[in-house]
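All remarks here apply to the structure that follows.
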Amino acid sequence: MSVSLDQTSGDPTARVMDTLRLTGAVFSLADLTAPWGVASGEHDTGLFHAVISGSCWARPDGGDPVFLSAGQVVIFPQGHEHVMLDDRDSRVSPTWQHVPHQHGRLARLSIDGGGKATKLLCGTVHFDRSRVHPMLTSLPSMIVVGGDEDTNGPWISATVDMMRRELSLAQSGSSGVLGRLADVVVLYALRSVLAGEGVEIGWLAALRDPAIAEAVALIHERPSEPWTVGELASAVGMSRSAFYPRFTNALGEPPGTYLIRWRIHLAARLIAESDVTVAAAARQVGYADDAALGRAFRRWTGVTPSRYRALRRTEMENQ
99 MSVSLDQTSG DPTARVMDTL RLTGAVFSLA DLTAPWGVAS GEHDTGLFHA
149 VISGSCWARP DGGDPVFLSA GQVVIFPQGH EHVMLDDRDS RVSPTWQHVP
199 HQHGRLARLS IDGGGKATKL LCGTVHFDRS RVHPMLTSLP SMIVVGGDED
249 TNGPWISATV DMMRRELSLA QSGSSGVLGR LADVVVLYAL RSVLAGEGVE
299 IGWLAALRDP AIAEAVALIH ERPSEPWTVG ELASAVGMSR SAFYPRFTNA
349 LGEPPGTYLI RWRIHLAARL IAESDVTVAA AARQVGYADD AALGRAFRRW
399 TGVTPSRYRA LRRTEMENQ
């Protein structure tokens, strides 16, 4: 099951965000008493930890630790290395890497240090099957949501509390319910990032500019059109000379480059998730034939479309 923000035709931001499909899954419950410290290695999916009860610290690789209390959630969108600890100076062990991914039920991690107790619910979030989606490069490496200073804090805390209640019920289908609740938390996190300060360039920053968000939405909705800078500018009510630098400054790349990136993202999704021919995928995303798509695809991904399909199918079979 995949989840996205509701599409609202009059809201270009919602239309753009609707292209981001995500799927959450909860894989472990950690019952921990101080002192404890657990490390997570690099992952090819996003990771999250919801504080069900107690408190802890989250420390990204090479970064400063951040304190988390019950009801808060920390998300590592790109799956970077990080450490979870009861105290910022606690000793760390690699236990986290060895929590088994069990299908149909939660894996359990228990560390009994005899001190204060903390309960974490941990899981993965797949933002998309294609790594080319511009959202991934725009997101911070660590996102903390919930708490008194977060406008979405009450809703996030309520969702985490629903996770706690679902755990206590231990009914059939709990893993599916927990996964959907994880989706909700991540969507709130994206909303918080979008509304927050400090994102000055990239996909998220562009969504704050109504004209640029509208241009991005048009590219997303009609990728096969041979868009020119002038046509996009006209479509959002701007001159070409004003639109080009504004788009480039917001996204960090010119409109034409962004159009190519989006076409490759869509082509990668089609190739990985359907049985369409490369030629058919090429036509759907705006390329004349499979050769034209193949050249562009290899420049962006490093592999041919056929090779990409084989790799993705193998990955999905091994999940």
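Residue 417 is where the sequence shown ends in the working numbering, and the numbering goes up by one at each step. Even glycine gets a Cβ: it sits at the ideal position worked out from N, Cα and C.
8 Å contact criterion, which residue i and residue j should meet: CB distance rounded
| i | j | result |
| --- | --- | --- |
| V171 | V291 | No, V171 and V291 are not in contact; Cβ-Cβ is about 13 Å, not under 8 Å. |
| L357 | W325 | 6 Å |
| L330 | A313 | 5 Å |
| G177 | T131 | At roughly 27 Å, the Cβ-Cβ gap does not stay under 8 Å, so G177 and T131 are not in contact. |
| L166 | S153 | 6 Å |
| H141 | D159 | H141 to D159, Cβ: 12 Å. No contact. |
| A370 | Y406 | 7 Å |
| I241 | G169 | With 8 Å as the limit, I241 and G169 do not qualify as a contact, their Cβ atoms being about 15 Å apart. |
| L349 | A304 | 5 Å |
| V284 | L120 | 6 Å |
Alpha carbon of residue i to alpha carbon of residue j, nearest angstrom
| i | j | result |
| --- | --- | --- |
| A390 | R359 | 14 Å |
| T106 | P321 | In this prediction, T106 has a pLDDT of 40, which is less than 50 and means its spatial position is unreliable; nothing more can be read from the coordinates. |
| S208 | R157 | 20 Å |
| E351 | A137 | 36 Å |
| A378 | A365 | 10 Å |
| G202 | G271 | Bear in mind that the predicted position of G202 carries a pLDDT of just 49, short of 50, making it too unreliable to give a figure here. |
| P133 | R186 | 10 Å |
| V327 | R344 | 12 Å |
| A256 | M336 | 43 Å |
| I173 | V376 | 35 Å |
| L237 | L302 | 8 Å |
| V190 | D184 | 10 Å |
| R206 | C220 | 10 Å |
| G392 | A380 | 9 Å |
| G384 | R411 | 24 Å |
| Q382 | S339 | 30 Å |
| D210 | G122 | 28 Å |
| D162 | A333 | 44 Å |
| D388 | T402 | 10 Å |
| H199 | G354 | Caution is warranted here: a pLDDT of 49 is assigned to H199, below 50, making its placement in the model unreliable, and no coordinate value can be reported. |
| A128 | L218 | 5 Å |
| G281 | G274 | Residue identity check: residue 281 is Asp in the sequence provided, not Gly. Going by the C-alpha atoms only, they are around 11 Å apart. |
| L316 | S239 | 28 Å |
| P252 | V374 | 45 Å |
| M260 | L279 | 8 Å |
| E323 | G277 | 37 Å |
| V149 | I310 | 37 Å |
| V124 | V164 | 22 Å |
| L267 | H147 | 20 Å |
| E264 | R361 | 41 Å |
| Y286 | G212 | 35 Å |
| H224 | P175 | 9 Å |
| E319 | S188 | 49 Å |
| M182 | G245 | 18 Å |
| L409 | S151 | 40 Å |
| T249 | D307 | 21 Å |
| G139 | T222 | 13 Å |
| S126 | T216 | 14 Å |
| Q269 | R262 | 13 Å |
| N347 | K214 | 49 Å |
| E413 | R396 | 19 Å |
| G400 | A386 | 21 Å |
N-terminal and C-terminal residue of the beta strand (DSSP E) that residue i is part of
| i | result |
| --- | --- |
| P192 | P192 -> no beta strand (DSSP E), and no H or E assigned at all. |
| A135 | According to the sequence provided, residue 135 is Gly. The question's Ala does not apply to it. Counting along the chain, the beta strand (DSSP E) containing G135 begins and ends at G135 to S138. |
Bridge partners - residue i, DSSP secondary structure assignment
| i | result |
| --- | --- |
| L130 | I209 and T216 |
| I241 | I173 |
| W155 | F165 and L183 |
| I249 | For the record, residue 249 in the displayed sequence is Thr; it is not Ile. According to DSSP, T249 bridges with nothing at all. |
| S272 | Answer is none; S272 lacks a bridge partner. |
| L145 | F174 and T222 |
| A123 | T222 |
First and last residue of the uninterrupted alpha helix (DSSP H) at residue i
| i | result |
| --- | --- |
| L183 | Run containing L183: none in the alpha helix (DSSP H); it sits in the beta strand (DSSP E), H180 to L183. |
| S332 | V327 to A333 |
| L316 | P308 to E319 |
| L302 | W301 to A304 |
Q. Enumerated in chain order, which unbroken segments of the alpha helix (DSSP H) with a length of 4 residues or greater are wholly contained in the segment 337–411?
A. As far as the segment 337–411 is concerned, its whole alpha helix (DSSP H) runs of at least 4 residues are 338–349, 353–371, 376–383 and 388–399.
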